[in-house]
């Protein structure tokens, strides 16, 4: 049986985490599917000097704060998981991993 969400987000980098944060704040049920680890590639960056609000922060610390905020508003993070197939036709979108099927109105 498929797990149902308002939105399915593929990737937990800054864009995915920000999408999850705002969807959650709007009362939308969302899941983030991440292939490797929370924060994606950004979490590997030793020093970020150009992110608004921070003079300097590690990618790991930045994405950890973003993940905490997204989860505070109800976002679910699933990792490590690889998307193997998507069906984006019709009103309900389907995203398949090796172990699960996710359904949602939107895929980001």
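Numbering (the working numbering), first residue to last: 1 to 108. In this text, a Cβ means the ideal position worked out from N, Cα and C, and glycines have one as well. Since we're looking at a predicted model, the values are computed, not measured.
(message) Quick test of the definition: if touching needs 3 or more C-beta pairs under 8 Å, does the stretch 47-63 touch the stretch 76-87?
(response) no
(message) Using a 10 Å radius around the Cβ and a threshold of 16 neighbouring Cβ atoms, would you call residue 34 buried or exposed?
(response) Position 34 of the chain shown, counted from the start, is the residue given in the question as residue 34. Counting Cβ neighbours within 10 Å, residue 34 comes out buried, since at least 16 surround it.
(request) Could you pull out every unbroken alpha helix (DSSP H) segment of at least 4 residues lying fully inside the stretch 12-95, listed in chain order? (result) 14-25 and 59-72
(request) Kindly indicate which three-state DSSP category residue 103 falls into: helix, strand or coil? (result) On the chain shown, residue 103 is found 103 positions in, with the first residue counted as 1. If DSSP states are grouped into helix, strand and coil, residue 103 belongs with the strands.
(message) Given a cut-off of 8 Å on the beta-carbon distance, is the pair residue 94 and residue 82 in contact?
(response) Numbered from its first residue, the chain shown carries residue 94 at position 94. Numbered from its first residue, the chain shown carries residue 82 at position 82. Contact: no.
(request) Please name the residue in 12, 96 and 17 whose C-alpha comes closest to that of residue 1. (result) Here residue 1 is taken as the residue at index 1 of the chain shown, counted from 1. Residue 1 has its Cα closest to that of 96, out of 12, 96 and 17.
(request) Name, in chain order, the residues that DSSP records as bridge partners for residue 8. (result) Here residue 8 is taken as the residue at index 8 of the chain shown, counted from 1. Paired residue(s): 31 and 107.
(request) Compare the C-alpha of residue 17 against each of 101, 27, 36 and 40 and name the closest. (result) Locating residue 17 in the chain shown gives position 17, where the first residue counts as 1. Distance check between residue 17 and each of 101, 27, 36 and 40 places 40 closest, using alpha-carbon atoms only.
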